[in-house]
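Chemist: The numbers in the numbering used here rise by one with no breaks, and the one at position 29 of the sequence shown is 31.
Virtual Cβ for every residue (Gly too), placed ideally from N, Cα, C.
Quick caveat: nothing in here was measured; it's all calculated off a predicted structure.
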Amino acid sequence: MAESELTRSMSEFLSRLQDDLKEAMNTMMCSKCQGKHKRFEMDRDPLSARYCAECGGLHPAEEGDFWAESSLLGLKITYFAMMDGKIYDITEWAGCQRVGINPDTHRVPYHISFGSRSSGPGGRQRSASKGSPTSAADLQEFFTRVFQGSSGPMPGGPFPPPPNPPGAAAPPGVPPRAEGAVPKGDAKHKRRKKVRRPLQR
């Protein structure tokens with residue numbers, strides 16, 4: 003009885019957490035207002051996502067592309083970006099950033115970086131870190147491993163082991179370090195103090 007109740011409450015918690023993460027993933031941080039703006043996923047194929055008035059056709063979009071399209075005889079401008087392999091309407095964010103892009107252009111006017119989702123136009127796309135979950139299925143698998151353990155129980159649970167105290171033996175597979183040795187990159191270089199000399203007249 004208690005186990006099924008615990009399982010049910012954990013399932014509800016994970017479901018709510020997944021909904022909150024989806025909502026957070028569909029917002030963009032704004033460097034102008036320090037707030038968040040919603041982005042809306044569009045049902046567009048990335049291979050024919052951008053309208054070009056010059057050619058009268060559709061062009062493919064690449065990750066990080068940021069462009070504008072007009073409608074209602076040019077009275078309404080909608081801003082789009084390709085993020086995570088999908089096309090999003092990011093007009094709300096672009097309006098707050100006061101982005102001025104000519105709509106329906108042949109070339110992509112801007113490439114933006116979504117590494118932190120807070121930078122403005124002009125950056126280049128950074129690849130996501132290998133350890134970060136990228137889809138809802140990956141998130142679900144991640145939470146399942148954290149809360150239920152992976153294929154078997156790990157010593158110390160899902161958390162890494164604490165560092166060894168000084169003088170303790172190193173774990174197997176880790177080369178021993180000489181006492182008092184400074185790891186590469188930890189040594190601080192002495193900086194020379196800048197001397198100000200009076201201006202000679």
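1. Can you look up Met-85 in the DSSP assignment and give me helix, strand or coil?
2. Within a Cβ cutoff of 7 angstroms, which residues of the same chain sit near Cys-57, ignoring the five residues on either side of it in sequence?
3. What does the alpha-carbon distance come out to for the pair Gln-20 and His-113?
4. Please report the residue range of the beta strand (DSSP E) in which Leu-60 lies.
5. Alpha carbon to alpha carbon, how far is Leu-49 from His-61?
6. Ala-51 to Glu-14, Cα distance in whole Å?
7. What is the rounded straight-line gap between the Cα of Tyr-90 and the Cα of Val-101?
8. Sorted by chain position, which residues of the same chain lie with C-beta nearer than 6 angstroms to Gly-87's C-beta, five sequence neighbours on each side aside?
9. Between the alpha carbons of Trp-95 and Thr-29, how many angstroms are there, rounded?
Modeler: According to the data block:
1. What you label residue 85 is simply residue 83 of the sequence shown in a count that begins at 1. Looking at Met-85 - three-state DSSP - the assignment turns out to be strand.
2. Mapped onto the sequence shown, residue 57 falls at position 55. So the qualifying residues of the chain are His-108.
3. Here residue 20 is taken as the residue at index 18 of the sequence shown, counted from 1. Here residue 113 is taken as the residue at index 111 of the sequence shown, counted from 1. Computed Cα separation, rounded: 29 angstroms.
4. By 1-based counting over the sequence shown, the position of residue 60 is 58. Residues 59–61.
5. Here residue 49 refers to the residue found at position 47 of the sequence shown. Here residue 61 refers to the residue found at position 59 of the sequence shown. Using only the alpha carbons, I get a separation of about 7 angstroms.
6. The count along the sequence shown starts at 1 and reaches residue 51 at position 49. The count along the sequence shown starts at 1 and reaches residue 14 at position 12. Each residue's Cα considered, the two are about 37 angstroms apart.
7. Here residue 90 refers to the residue found at position 88 of the sequence shown. Here residue 101 refers to the residue found at position 99 of the sequence shown. Answer to the nearest angstrom: the Cα atoms are 16 angstroms apart.
8. Counting from one through the sequence shown, the residue named residue 87 turns up at place 85. Its chain contains no residue whose beta carbon lies nearer than 6 angstroms to that of Gly-87 once the 5 sequence neighbours on both sides are disregarded.
9. Position 93 of the sequence shown holds residue 95. Position 27 of the sequence shown holds residue 29. Taking the straight line from one Cα to the other gives about 9 angstroms.
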